[in-house]
Structure formats: structure tokens, C-alpha cells
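For reference, each letter of the sequence shown is one residue, going -16 to 63 in this note's numbering. Yeah, the Cβ is synthetic: ideal placement off N, Cα and C, and Gly gets one too. Below you'll find the structure, written out as C-alpha cells, and then a few comments.
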Amino acid sequence: MSEALLERIVVDPKVMAGKPVIRGTRIPVELLVRMVAQGIPEAEILREYPQLAPEDIRAALTYAAELVAGEDVFPVSVLP
């Protein structure tokens, strides 16, 4: 994972109950990932949150991808 991108994400128990946020904001990574998943264009996200840079959106997606990549998966059932 790009260290430069990761530096844009912080986790502080005093901010948003410890959820990962974009550094210097209270904007959760989860919110940005959901907005992208809903198909909201980057330009619209940046208009709505002018304190963000395009790199912040990429950082949020990279952070989420790394979390999923590191998960241990235990199947509940096996499909035929």
C-alpha cells in the first residue's frame, strides 16, 4: 500500500469514535467509499467536501482494499 496515501488516513479514538478519517477532517473513510460505490463522481465529492483532494479519495479506496485483502475468510457453507 502506498505510504504517501496511508499518511492521509488517521485513526484517533477522540475523532469519530476511532473510525478511520481523512487527516485534518472528520470525514470517515467509510463515507467516501460508499459515495464512490454509489457512483457519485469524484468531482461531485470534491465539490461537496472542498477540503478534500483527489488523493484523499484514492487513499480511502486504498485503505478499504487493504483491509479486505487482509481479512481472514471462514466459509459458513460450501456451495456445490
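| query | result |
| --- | --- |
| Assigned secondary structure, valine -2 (DSSP; H/G/I helix, E/B strand, else coil) | coil |
| Burial state of arginine 30 (16 or more Cβ within 10 Å) | exposed |
| Presumed contact (8 Å Cβ cut-off) between glutamate 38 and arginine -9, rounded CB distance | 6 Å |
| Burial state of leucine -11 (16 or more Cβ within 10 Å) | exposed |
| Rounded separation between valine 4 and valine 56 - CA only | 25 Å |
| Helix, strand or coil at proline 37 [DSSP, three-state] | helix |
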